[in-house]
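Student: Can you keep this structure in mind? I'll have questions shortly.
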Amino acid sequence: MPAQSADYYKVLGLPKGTSDADAIKKAYRKAAMKWHPDKNPNNKTEAEHKFKEISEAYEVLSDPQKRQVYDMYGEAGLKGGAPSGGDEGAGGGGSAGGGPGTFYFSSGGAPGRGGMHFTPSNADDIFRQFFGGSGADMFGSPGASGSSSRSRAGRGARVDPFSSMFGGMHGGMGGMGGMPGGMGGMGGMGGMHGGMSGSDDDDDVQFTHAAAPRKPQVLTRALPVSLEDLYRGTEKKLKITRKIQDSATGKVVETSKILTVNIQPGWKAGTKVRFSGEGDELNGQPAQDVVFVIEEKPHSHFKRDGDQLTTKIQVPLVNALVGFKAKIPTIDGSVAELQITDVLTPGFKRIISGKGMPTKSGVRGDLLVEFDIVFPAALSPAQKDAVKRAFSTS
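Okay, so the sequence shown: first residue is 161 according to the numbering used here, each after it adds one.
Take a look at the structure:
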């Protein structure tokens, strides 16, 4: 493999040969957010260089065909500098007789005589397509970079892709509520910027090879669930409204559907439930996936830590000193009794086994009981004398 002037894998912090699309996207997201010029006003020159390099690396590695050529021949092979491969390279991507600048590519062979003529896309266009907005929109920068200003010209106002999401969730079913919006607005998120550009100086035509259309963005929404429902398990029915473009007429129509989420006992906050292909289906793109992320509602009596629950009860000082029988409510609705004979001191705790949250093995975690000792606000003279006599050592 010839020497490369840029190591795209190193630019994105990826191991050589990485082909996992999610890993490449994650690496680009992290690097682009870190080095966007609008986020680095005091180091703009270096940031612009790195941002352009990051975008070019992502454009190549996210496209299987470009990545294959890059892995075999390096950056030179992408940009027309690979060794001549004769007519063998014309098998998959063009005629064998093209002149310089012609696009050649074969999934099984080397680039042809002219090489792959790859021209990097505008870094801001890639960022906008990936994130749905410019750097100035996202970072609130009062002065966007020059490249950002140029790429925004004539594009019109930015549209919030989530502004009309989940329109049918007012009130929800099975306890859902307060999730306004609809699922529209994410159409048009097609492939990477690219296309054909002509030249006024000669008859050559160059092709910037557009990346394959990206999978539509996943629509993610929180699903608040009570601790009791996470203990018992339950069924939530959620009404969604999605937009579908009629292939014959091109018109966008809205349809409603009920999605059922079967919450299993013991699920934790952060558990994801995916409905493949249930989102908007626009502009010839595959239907978007809808993902609900379980969100645990705060509880008035219990706090959860994994499979363990913690509750706190208040104990009058006199009971803390002489002992008492405590009645402890549990998450399953039963009441556990504790006979306390010890003198309670601050920080005193007891564990009730098997009264926590369910686990995958079928057993339950524990319930940790914390005792909060309540001191009297005041004592009468007689009470003070009684306390002194009770604790007198003479």
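The beta carbon of each residue, even a glycine, is placed where N, CA and C say it ideally should be.
(1) Can you tell me whether ALA537 is helix, strand or coil according to DSSP?
(2) Could you pull out every unbroken beta strand (DSSP E) segment of at least 3 residues lying fully inside the stretch 372–408, listed in chain order?
(3) Quick test of the definition: if touching needs 3 or more C-beta pairs under 8 angstroms, does the stretch 429–440 touch the stretch 494–502?
(4) According to DSSP, what are the bridge partners of LYS463?
(5) Based on DSSP bridge pairs, tell me the residues matched to ILE488.
(6) Have a look at the DSSP bridge pairing and note the partners of ARG510.
(7) If distances are taken between C-alpha atoms only, which option among SER513, PHE531 and LYS515 comes closest to PRO506?
(8) Just tell me which of TYR218, GLU208 and TYR230 has its CA closest to the CA of GLY173.
(9) How long is the line joining the alpha carbons of GLU235 and LYS396, rounded to whole angstroms?
(10) In this structure, how does DSSP classify SER215 when only helix, strand and coil are distinguished?
(11) On the CB-based measure, 16 or more other CB atoms within 10 Å of its CB, does VAL523 come out buried or exposed?
(12) Can you name the start and end residues of the beta strand (DSSP E) that LEU419 belongs to?
(13) With a 10 Å radius around its C-beta and 16 neighbouring C-beta atoms as the bar for buried, classify THR553 as buried or exposed.
(14) Give the single residue among ASP492, PHE484 and THR409 whose Cα lies nearest to the Cα of GLY393.
(15) With a 10 Å radius around its C-beta and 16 neighbouring C-beta atoms as the bar for buried, classify VAL171 as buried or exposed.
(16) Taking the Cβ atom as the reference point for each residue, do SER179 and ILE286 lie within a distance shorter than 7 angstroms?
(17) Taking the beta strand (DSSP E) that PHE452 belongs to, which residues open and close that run?
(18) Return helix, strand or coil for GLU208, following the three-state DSSP convention.
(19) State buried or exposed for VAL450, treating a residue as buried only when at least 16 other CB atoms are found within 10 Å of its CB.
(20) What are the residues that DSSP puts in a beta bridge with ARG524?
(21) Use the C-beta contact count for PRO201: other C-beta atoms within 10 angstroms, 16 or more gives buried, fewer gives exposed.
(22) Drop a sphere of 10 angstroms on the beta-carbon of PHE418, count the other beta-carbons inside from all chains shown, and report buried for 16 or more, exposed for fewer.
(23) In or out: SER222 buried (at least 16 other Cβ within 10 Å) or exposed?
(24) Using beta-carbon positions only, say whether LEU469 and PHE535 come within less than 7 angstroms of one another.
(25) Once you ignore the five residues that flank ILE423 on each side, which residues in its own chain have a CB closer than 8 angstroms to its CB?
(26) Between which residues of its own chain and LYS463 is the CB-CB distance below 6 angstroms, once the five residues before and five after are set aside?
(27) Please report how far the alpha carbon of ASN479 lies from the alpha carbon of LYS515, in whole angstroms.
(28) What residue from LYS411, ASN203, ALA166 and PHE452 has the CA that sits closest to GLY237's CA?
(29) Please work out which residues of its chain come closer than 8 angstroms, Cβ to Cβ, to ARG227, disregarding the five sequence neighbours upstream and downstream, and give them in chain order.
(30) Exposed or buried, what is GLU206 when buried is set at 16 or more other beta-carbons lying within 10 Å of its beta-carbon?
(31) In whole angstroms, give me the CA-to-CA distance for LEU504 and ALA538.
(32) Beta-carbon within less than 8 angstroms of THR519's beta-carbon, same chain only, minus the 5 sequence neighbours each way: which residues are those?
(33) Do PRO197 and GLU208 come within 7 angstroms of each other at the CB atom, strictly closer than that value?
(34) Which whole-angstrom value describes the C-beta separation of LEU528 and GLU456, a residue pair presumed to lie in contact below a C-beta threshold of 8 angstroms?
(35) Report the three-state DSSP secondary structure of GLU441 (helix, strand or coil).
(36) Alpha carbon to alpha carbon, how far is PRO224 from PRO280?
Tutor: The answer reads as follows:
(1) Taking the sequence shown and counting its residues from 1, one reaches residue 537 at position 377. In the structure shown, ALA537 sits in coil (DSSP, three-state: anything other than H, G, I, E or B).
(2) As far as the stretch 372–408 is concerned, its whole beta strand (DSSP E) runs of at least 3 residues are 379–385 and 394–405.
(3) No, the stretch 429–440 does not touch the stretch 494–502.
(4) In the sequence shown, residue 463 corresponds to position 303, counting from 1. Paired residues: THR470.
(5) The sequence position of residue 488 within the sequence shown is 328, counting from 1. For ILE488, which the question treats as bridged, DSSP gives the partners ALA496.
(6) Along the sequence shown, read from residue 1 onward, the residue named residue 510 stands at position 350. The partner list for ARG510 (beta bridge, DSSP) reads VAL529.
(7) By 1-based counting over the sequence shown, the position of residue 506 is 346. Closest option to PRO506, Cα to Cα, is PHE531.
(8) As a first step, residue 173 is located in the sequence shown; it is residue number 13 there, counting from the start. The shortest C-alpha to C-alpha distance from GLY173 to any of TYR218, GLU208 and TYR230 is the one to TYR218.
(9) As a working mapping, residue 235 is identified with position 75 in the sequence shown. As a working mapping, residue 396 is identified with position 236 in the sequence shown. In a straight line, the C-alpha of GLU235 is about 52 angstroms away from that of LYS396.
(10) In the sequence shown, residue 215 corresponds to position 55, counting from 1. For SER215, the secondary structure class from DSSP, reduced to helix, strand or coil, is helix.
(11) Start at 1 with the first residue of the sequence shown, and residue 523 comes out as number 363. Exposed, since its Cβ has fewer than 16 Cβ neighbours within 10 Å.
(12) In the sequence shown, counting from the first residue as 1, residue 419 sits at position 259. Looking at the DSSP string, the run of the beta strand (DSSP E) that includes LEU419 is 412–423.
(13) The residue given as residue 553 occupies position 393 in the sequence shown. It counts as exposed.
(14) As a first step, residue 393 is located in the sequence shown; it is residue number 233 there, counting from the start. Comparing Cα positions, the closest option is ASP492.
(15) Counting from one through the sequence shown, the residue named residue 171 turns up at place 11. Of the other Cβ atoms in all chains shown, 16 or more fall within 10 Å of the Cβ of VAL171; this residue is therefore buried.
(16) Indexing the sequence shown from 1 puts residue 179 at position 19. Indexing the sequence shown from 1 puts residue 286 at position 126. Contact: no.
(17) Numbered from its first residue, the sequence shown carries residue 452 at position 292. Boundaries of the beta strand (DSSP E) harbouring PHE452: 450–456, taken from the DSSP string.
(18) The residue labelled residue 208 in the question sits at position 48 within the sequence shown. If DSSP states are grouped into helix, strand and coil, GLU208 belongs with the helices.
(19) Along the sequence shown, one-based indexing puts residue 450 at 290. The residue is buried, with at least 16 neighbouring Cβ atoms inside 10 Å.
(20) The residue labelled residue 524 in the question sits at position 364 within the sequence shown. Per DSSP, the beta-bridge partners of ARG524 are PRO518.
(21) Translated into positions along the sequence shown, residue 201 becomes position 41. It counts as exposed.
(22) As a first step, residue 418 is located in the sequence shown; it is residue number 258 there, counting from the start. Strictly speaking, residue 418 in this sequence is Ile, with Phe absent from that position. If you draw a 10 Å sphere on the C-beta of ILE418, you find fewer than 16 other C-beta atoms in it, and that means exposed.
(23) As a working mapping, residue 222 is identified with position 62 in the sequence shown. Buried, because 16 or more other Cβ atoms sit within 10 Å of the Cβ of SER222.
(24) By one-based count along the sequence shown, residue 469 stands at place 309. By one-based count along the sequence shown, residue 535 stands at place 375. The Cβ atoms of LEU469 and PHE535 do not sit closer than 7 angstroms to each other.
(25) Here residue 423 is taken as the residue at index 263 of the sequence shown, counted from 1. Sequence-distant Cβ neighbours of ILE423 in its own chain, meaning closer than 8 angstroms and more than five residues away, are VAL385, ASP389, LEU390, GLY393, THR394, GLU395, LYS396 and ILE454.
(26) As a position in the sequence shown, residue 463 is number 303, starting the count at 1. These residues qualify, in order along the chain: THR470.
(27) Taking the first residue of the sequence shown as 1, we reach residue 479 at position 319. Taking the first residue of the sequence shown as 1, we reach residue 515 at position 355. As the crow flies, the alpha-carbon of ASN479 is around 24 angstroms from that of LYS515.
(28) Against the sequence shown, residue 237 aligns to sequence position 77. Closest option to GLY237, Cα to Cα, is ALA166.
(29) Taking the first residue of the sequence shown as 1, we reach residue 227 at position 67. Closer than 8 angstroms at the Cβ level, and outside the excluded window around ARG227, lie SER179, VAL220 and LEU221.
(30) To locate residue 206, count along the sequence shown from 1; it is residue 46. Classification of GLU206: exposed, given that the 10 Å Cβ count is below 16.
(31) Within the sequence shown, numbered from 1, the residue matching residue 504 stands at position 344. Within the sequence shown, numbered from 1, the residue matching residue 538 stands at position 378. Taking the Cα positions, LEU504 is about 20 angstroms away from ALA538.
(32) As a position in the sequence shown, residue 519 is number 359, starting the count at 1. Excluding positions up to five away in sequence, the list reads GLY426, ASP467 and GLY525.
(33) Position 48 of the sequence shown, counted from the first residue, corresponds to residue 208. Position 37 of the sequence shown, counted from the first residue, corresponds to residue 197. Contact annotation: GLU208 and PRO197 have beta-carbon atoms nearer than 7 angstroms.
(34) Indexing the sequence shown from 1 puts residue 528 at position 368. Indexing the sequence shown from 1 puts residue 456 at position 296. Taking the Cβ atoms as the reference, LEU528 lies roughly 17 angstroms from GLU456, outside the contact range of under 8 angstroms.
(35) As a first step, residue 441 must be located in the sequence shown, where it is residue number 281. GLU441 carries a strand assignment under DSSP once its states are collapsed to helix, strand and coil.
(36) Here the question's residue 224 lines up with position 64 in the sequence shown. Here the question's residue 280 lines up with position 120 in the sequence shown. Their Cα atoms are separated by approximately 15 angstroms.
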